Each structure stands twice: as structure tokens, then as C-alpha cells.
Amino acid sequence: MSIASLNNGHLLVGGRRHQMVEFDPSQRGAPRAYPLRHPGAFVTGSSSGTLYSAAPQIGHLSRQSGTSQTTFINPFSRVPERMGDVSQAIAARDGALWIVAQHGILRLRGLPDGASVSEILMSELAPGVSTRFLDDLPSGLALLGLVEAADGAIWIGSRGRGLFCIREDVVEHHPDPNLLPLSEYSCVPLGFSDDGLLWLGSETGLGVFQKGRFQWLRTTNGLPESVVSAATEAAGHVWLAGHRGLHVFPRTQLDDVLAGRRTSVQALSLGVSDGLPSGCRLQYQPAMTRSADGQLWLATPRGLFSFDPAEVLRTLRPPPVTLDSLVANGRAISLADTAAHPVLAPGEGRVVEFNFSSLSHRSPERVTFHYRLNGPGGAVESQTAQSHVVLTHLAPGLHSFVVQARSGNGLVSDPGARIEFEVRPRFYERSLFIVAVALGGLGLVAGFVTVRVRRVRREAALAQEIRVNAERHRIAQDMHDDLGAGLVRLAWLTGRSGEGDRSAAERPTGAWPDLVAQELLRSLDETVWAVNPAKDRLDSAVNYLESWMRRFFAQTPVAVDLDLPARVPATPVSAEWRHHLFLFVKEASSNVLKHSRATQVKLELRLKDTSPELELELSDNGTGFSTELAAKPGGNGLGNLRRRATELGGTLEITSRPEAGTTVRLEVSISGRASR
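In our numbering, the protein residues as written are 56 to 731.
This is how it looks when you write it as C-alpha cells:
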């Protein structure tokens with residue numbers, strides 16, 4: 056079934072029956088029916104009052120003017136294999152009749168009354184009559200419907216090929232990049248809006264064509280269904296018709312979606328429960344029109360449907376919703392008093408049921424509910440078709456429950472029904488208990504930390520004590536070595552070394568107390584030098600060894616020969632390193648004076664150019680000893696030499712033969728740090 060508006064304000068309806076009907080929508084009189092030889096589904100009327108009906112299957116065209124009726128049988132008899140079935144026929148403003156078939160378009164101009172189509176197509180005797188078959192369209196094209204624009208251009212839809220526009224006998228093709236890959240989808244022109252938008256129907260949604268650009272609204276953009284068979288604009292809203300009924304949304308929302316300011320529209324739907332007999336079909340056009348009084352008329356397979364769009368929008372109201380009761384862990388609480396503030400006892404928040412209801416005279420079975428619970432545990436929201444909802448394990452504290460009803464056509468009750476209630480906490484959920492547990496936990500942590508800190512401190516104190524003891528041991532050993540060497544020299548100087556073969560001329564002169572004082576001053580000087588950080592340089596260590604060797608062997612029969620580098624770099628060394636080096640030289644010198652009976656001692660120092668290493672060699676011309684004794688620990692003070700060499704991290708080599716003297720050689724790295 057199709058419907059068209061005539062210039063006189065009447066409506067023309069065509070269908071499957073052998074008649075087309077004309078009636079005045081402003082009057083309730085009987086409509087006027089025009090019998091047809093063949094059923095026609097597509098109707099149109101010209102500006103002169105001529106009515107046309109076209110049938111898709113057999114391709115006949117009926118014309119009604121006044122009381123006369125002329126039936127044109129198969130206007131495409133000359134090109135039947137190319138045209139196919141008729142899709143639509145419209146009478147243009149210039150008087151031309153446009154007939155669109157499955158694979159072509161026929162335009163008839165200057166049709167005389169009473170003339171048959173065969174005469175129009177075959178005869179050249181009818182002056183002013185012109186026919187044209189548009190054979191310059193793409194081959195294999197499936198055409199679907201046509202509309203006339205305000206400027207007289209004819210817009211034709213197609214299946215999978217976009218739009219075609221005929222303007223002054225020139226065919227323009229406007230392919231749709233969105234639908235080109237989908238060759239089975241339709242693009243049917245449905246009409247124009249007041250501001251020039253071309254509405255497009257399809258199985259994929261609502262299309263809009265403007266300024267050469269296609270834009271589509273689909274179900275992902277808020278459309279209730281994908282098939283759009285009719286579209287128009289009225290009362291500031293866009294009205295769509297499809298298989299499931301009638302849908303409406305504000306035009307401003309459409310503009311926002313087209314401009315990218317929003318992603319979807321909020322459409323309301325009207326179906327069978329709202330009085331609509333059925334949906335409309337995409338293949339029958341025009342399917343929707345607007346009468347002079349503002350009524351919208353919709354052609355459906357089961358008849359016509361008319362309504363006042365402004366009145367429909369005014370009467371559409373969201374269904375009211377009420378909260379009936381609350382059941383907390385089996386205890387029912389009435390919510391008849393809207394000001395009630397229920398209080399749930401401890402433990403009753405484990406299972407809470409909310410019962411609500413909504414009254415709707417239009418398809419109550421399609422009403423759904425949306426609820427939201429806000430509380431200390433966060434927000435919970437969902438939708439349900441049931442009139443109750445069960446929530447579990449509600450946290451103690453203040454909660455608010457809101458429920459909204461949504462009608463089948465998309466109207467939502469706002470703000471809905473709301474209730475606030477409180478869930479009392481169990482004893483272990485109270486703040487005081489939680490704080491006490493937290494403080495207890497903090498106390499345990501603090502106790503553990505305290506014990507741990509004390510243990511660490513004890514370990515640190517023990518480590519410090521070990522270091523102090525080690526340092527005390529080192530100092531004692533150094534004092535032993537230092538004072539021992541001094542006492543050896545004192546004993547020798549005073550003639551108490553146990554040797555009875557020295558002459559009186561070889562024995563030193565002077566008082567015993569003076570000698571003791573001098574030796575103690577030398578020991579003090581050595582101690583001060585060992586701890587002075589300003590002396591932590593290699594040149595300082597070498598200079599001190601030189602002066603000490605000369606002082607140590609002074610007033611003794613041992614001559615000193617020093618072979619030292621002419622220029623010693625000021626390489627930084629640690630106090631331990633230079634102190635151990637000095638004690639090594641001191642121990643070796645003491646052994647020379649005590650055991651060797653030497654008359655000459657030589658100290659050689661060499662610095663390697665390729666690596667930071669020092670070679671020290673101290674030799675004498677004394678009695679010497681057997682090398683087998685060198686392997687025995689403690690013999691002739693050699694154990695102290697080995698220990699000093701180990702602390703320096705160096706390599707010690709001792710060579711000696713009886714009556715051939717002794718040579719002590721030490722190689723040590725100038726690393727600035729001695730081994731401990």
C-alpha cells in the first residue's frame with residue numbers, strides 16, 4: 056500500500072485491490088473509489104488533477120481524469136527485457152510523468168487525455184508528446200523509488216549503488232562509500248525535510264544526504280530497528296516507520312549526531328499496543344505523508360494509520376514507579392510512608408530484597424526497571440524485567456536505593472522512587488573495634504620493629520667491640536714491635552745485649568736515662584707520624600723511611616746505604632698501608648742489628664713504570680742463616696715479616712746463606728689500602 060498527497064489537500068491511496076481511493080482527511084464523508092482493471096500499489100497525482108496508479112508485476116498504468124478512465128497496458132512494451140517491474144510512478148511539477156522500473160526509468164511529457172500508451176509510444180501524430188528512455192544508466196542497475204526536489208531534480212535510489220540525480224536531462228551519480236561493498240542493501244529516497252535533507256531508507260538504518268555527503272544512523276546510534284521504510288519531520292521531531300512500528304526522536308538530537316556532538320539519539324517507539332496496526336514495508340513508496348491539517352498518515356499492509364504528532368508527544372508519559380516494601384534477612388519492612396528511614400539491625404544486610412511496581416496502561420508487559428544502590432561499598436546498578444531485586448552483603452552505613460521504570464516505547468520515569476536506609480554494623484564492624492584491632496596490629500608491628508632494632512644494635516655493638524678488640528690487638532702488636540726494636544737498640548747501646556767481646560771503645564758513652572728518653576721520643580715521633588693524615592702520601596712514606604734508617608743505625612757499627620728514587624710521586628696511600636710498610640722495614644732492620652753482626656746494610660726502593668707497584672729490598676753483609684730455618688715460624692723474627700707482608704698484600708722473598716748475608720725482598724701494590 057502507498058499514499059500520496061494531492062494539490063487539493065486530498066489523499067490518494069493505492070493497494071492490492073482493483074481500485075484506488077481518494078478522500079478528504081478534513082471531512083468524515085465517504086471516500087471516492089476508482090475501479091481499476093489491475094491492482095495498483097503505487098499512486099500519484101498531477102497538478103492538473105489527473106490520478107495515476109501503477110502495478111509492479113504486470114506494469115500497467117491507469118489514469119483517471121474527471122469521470123473518464125484510460126488504462127495503458129504495459130507502457131514498456133518496446134523494451135520489456137530492460138525495464139523490468141515497475142517500482143514507482145510520480146507526476147512532476149512540470150507535468151511530466153516519471154515511471155521507475157527495476158532496471159530503467161521512463162519519462163512521459165504532454166500526455167493527452169484519452170490517448171493510450173501504445174499511441175503515445177508508437178505514434179508520431181501526437182504533437183507535444185515526448186518520451187525518453189534513460190539508457191545511459193549503468194548496466195545491471197536495480198532502481199528503487201524516486202522523489203522530486205524543490206528545484207525539479209529527480210532523485211532515484213538503487214540497490215548497493217547509491218543515488219542518481221536527473222537534472223536537466225543530465226544524470227549525476229552519487230555513490231555511497233558506506234554501502235558500496237554491501238550490494239544487497241537498499242538506498243531508497245523517502246522525501247525531503249524542510250531544510251533540504253534527503254531522507255534515505257534502507258535495511259541498515261536511516262540515511263541522510265546533504266551537500267554530496269552520506270550519513271547513516273544505525274541501531275548503534277540509538278535506532279530501535281535497522282529497517283527504515285518512511286521518514287518525515289513534524290513538531291520538531293523526526294518520525295520513522297519500519298517493520299516494528301513507528302519511532303520518534305528530537306530533530307536536535309539528529310543534528311548533534313550528524314555534527315559529531317553526540318553519538319546516539321534517544322528514540323521512543325510506538326507499536327501495536329499503541330494502536331498501530333502494523334509496520335510498513337520498504338518496497339512500497341511513498342509510505343508516509345502529511346496532510347494539510349498537520350496529521351501524519353502512514354500506509355501499512357493492514358491499512359492506514361493517522362495521528363497528530365504534537366498530540367502524541369503530549370500524551371506520551373513515562374510510567375510511574377513506587378517502592379512497596381523492603382525485606383531484610385526475612386523481616387518485611389513497609390515503605391508506605393515515603394518519609395520512612397528504615398534501620399536494619401546488625402546482620403540484616405546479608406540479604407535485602409526490594410519490591411516495587413509500575414502502572415502502565417500501554418503494554419505493561421514491556422515495562423522494565425533500572426535500579427541503582429549507592430552505599431559505603433560503592434555503587435551497584437542494573438536492569439531487570441522483574442518487580443523485585445535481591446542484593447546481598449550490604450556494608451554497614453547509610454545506603455540509598457533508586458528505581459526507575461521504562462516503558463516499552465522508551466520513556467523513563469525521572470527521578471523515580473527513592474529510599475534511604477541504614478545498616479547497623481556488627482560488633483567487629485564498628486569503628487572502635489576496627490581502630491582497636493588496627494592499634495593492636497600497629498603495636499605488634501612496633502614491638503617487632505623494636506626487638507629487631509635492639510637486635511641490630513646489639514649486633515652493631517658486638518661488631519664494634521670486635522673491631523675495637525682487633526684495633527687494640529693491632530696497637531699492642533705495634534707497640535710490642537716498636538718498643539721491642541727500641542729496647543734492642545738500647546740494650547746494644549748500653550752494652551747489655553749479651554755480647555761480651557765488644558771493646559770499651561765500641562761501647563757508647565753517656566748516661567742511661569738520656570738514652571732511654573731519646574728512644575722514647577723517637578717512638579712517640581713514629582706514633583705521631585703513623586696517625587697523621589697529612590702524611591698519607593707515597594713520597595712522605597719514602598722520606599720518613601730514609602730519615603728513620605739513618606737515625607736507627609746511628610751510633611752503631613752498621614753503615615747505611617740508601618738507594619732511593621730521585622723523584623717519588625705524591626700518590627695517595629692509606630695510613631694503614633704506610634704504617635705496615637714502616638713496621639716491615641723496622642722489623643727487618645731490628646733483625647739486622649740484633650742477629651746479623653753486619654757492618655753494612657742497604658735499602659733499595661724501586662717504582663715500576665708499567666704498574667703501580669713498589670719493590671723494597673733490604674740486604675746486609677752479616678752472618679746469615681740457613682734457609683731451612685726460614686720455613687719455621689717464629690725463627691729469627693721472620694714470622695713478623697711474613698705477617699706484615701700479608702697485611703700489605705705483597706709478596707715476600709728471603710734469601711740467606713751462612714756467612715754470606717741476608718736479603719729481604721718485598722713487592723707490594725701501591726693501592727692505598729692494606730689487607731686486614
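The beta-carbon is built from N, C-alpha and C at its ideal position, and this holds for glycine as well. Bear in mind the structure is a predicted one, so any value in this text is a computation, not a measurement.
Asked	Found
For S248, which residues of its own chain have a beta-carbon under 6 Å away from its beta-carbon, when the five flanking residues on both sides are left out?	E288
Does DSSP put F608 in a helix, a strand or coil?	coil
Since S468 contacts P373 with CB under 8 Å, what's their CB separation in whole angstroms?	4 Å
Just how far apart, CA to CA, sit L301 and E280?	10 Å
Among all the DSSP beta bridges, which residues are the ones paired with T717?	S711
Using a 10 Å radius around the Cβ and a threshold of 16 neighbouring Cβ atoms, would you call S185 buried or exposed?	Only weak support exists for where S185 lies, its pLDDT of 44 falling under 50; the value from the coordinates is given anyway. Its Cβ having fewer than 16 others within 10 Å, S185 is exposed.
Leaving aside the five residues before and after A365 along the sequence, list all residues of the same chain whose C-beta is less than 6 Å from its C-beta, in chain order.	A290
What is the residue span of the alpha helix (DSSP H) that D310 lies within?	R306 to A314
I need the straight-line Cα distance from L352 to V202, nearest angstrom please.	Sequence check: residue 352 is Trp here, not Leu. Computed Cα separation, rounded: 18 Å.
Whole-angstrom Cβ separation of L322 and G465, contact assumed at under 8 Å?	Per the sequence shown, residue 322 should be read as Ala rather than Leu. Right, the Cβ-Cβ distance comes to about 6 Å (below 8 Å), so this counts as a contact.
Is D149 helix, strand or coil by DSSP?	coil
Should V504 be labelled buried (16 or more other beta-carbon atoms within 10 Å of its own) or exposed?	exposed
Going by beta-carbon coordinates alone, are H635 and E702 separated by less than 9 Å?	yes
Within its chain, find whatever has a CB closer than 6 Å to the CB of L272; leave out the 5 residues flanking it on each side and keep chain order.	G260, L261 and L278
Taking the Cβ atom as the reference point for each residue, do V68 and L359 lie within a distance shorter than 9 Å?	yes
Helix or strand or just coil, what does DSSP make of S595?	helix
Can you name, in chain order, every residue of its own chain whose Cβ lies under 7 Å from the Cβ of I725, other than the five neighbours on each side?	L593, T626, V628, P667, E668 and L669
Under DSSP, the beta strand (DSSP E) around R661 begins and ends at which residues?	Q655 to L662
Pull up the distance between the alpha-carbon of K663 and that of P620, whole angstroms please.	11 Å
Quick check on the DSSP output: the alpha helix (DSSP H) that includes E34 runs from which residue to which?	Given a span of 56 to 731 for the chain in the structure shown, any question on residue 34 remains unanswerable.
How big is the Cα-Cα spacing for G150 and G70?	24 Å
With H, G and I counted as helix, E and B as strand and the rest as coil, what does DSSP make of A501?	helix
Taking DSSP as the reference, what is the three-state secondary structure of T318?	coil
From N598 to L693, what does the alpha carbon distance come to, in whole angstroms?	25 Å
In chain order, what residues of the same chain lie with their CB nearer than 6 Å to the CB of T344, ignoring the 5 residues before and after it?	I58, S60 and W352
Answer with buried or exposed for K266, where buried requires no fewer than 16 other C-beta atoms within 10 angstroms of its C-beta.	exposed
Using a Cβ distance threshold of 8 Å, determine whether the region 440–456 contacts the region 468–478, with at least three qualifying pairs required.	yes
Can you tell me the Cα-Cα spacing of E601 and Q519, whole angstroms?	37 Å
Using the beta-carbon count (16 or more within 10 Å), is I209 buried or exposed?	buried
Is V506 helix, strand or coil when you go by DSSP?	helix
Taking 8 Å as the cut-off, is the beta-carbon of P356 closer than that to any non-hydrogen atom of the ligand FMN?	This structure lacks the ligand FMN; in fact it carries no ligand of any kind.
Can you tell me which of the three DSSP states A614 falls into?	strand
Rounded to whole angstroms, what's the CA-CA distance from D348 to Q308? Just pull it up for me.	26 Å
Buried or exposed for Y483, going by 16 or more other Cβ atoms inside 10 Å?	exposed
Does P244 pass the burial test, meaning 16 or more other C-beta atoms within 10 Å, or should it be called exposed?	buried
Please look up how many angstroms separate the CB atoms of G432 and R481, rounded, as I've assumed it's under 8 Å.	With a Cβ gap of about 15 Å, G432 and R481 do not count as contacting.
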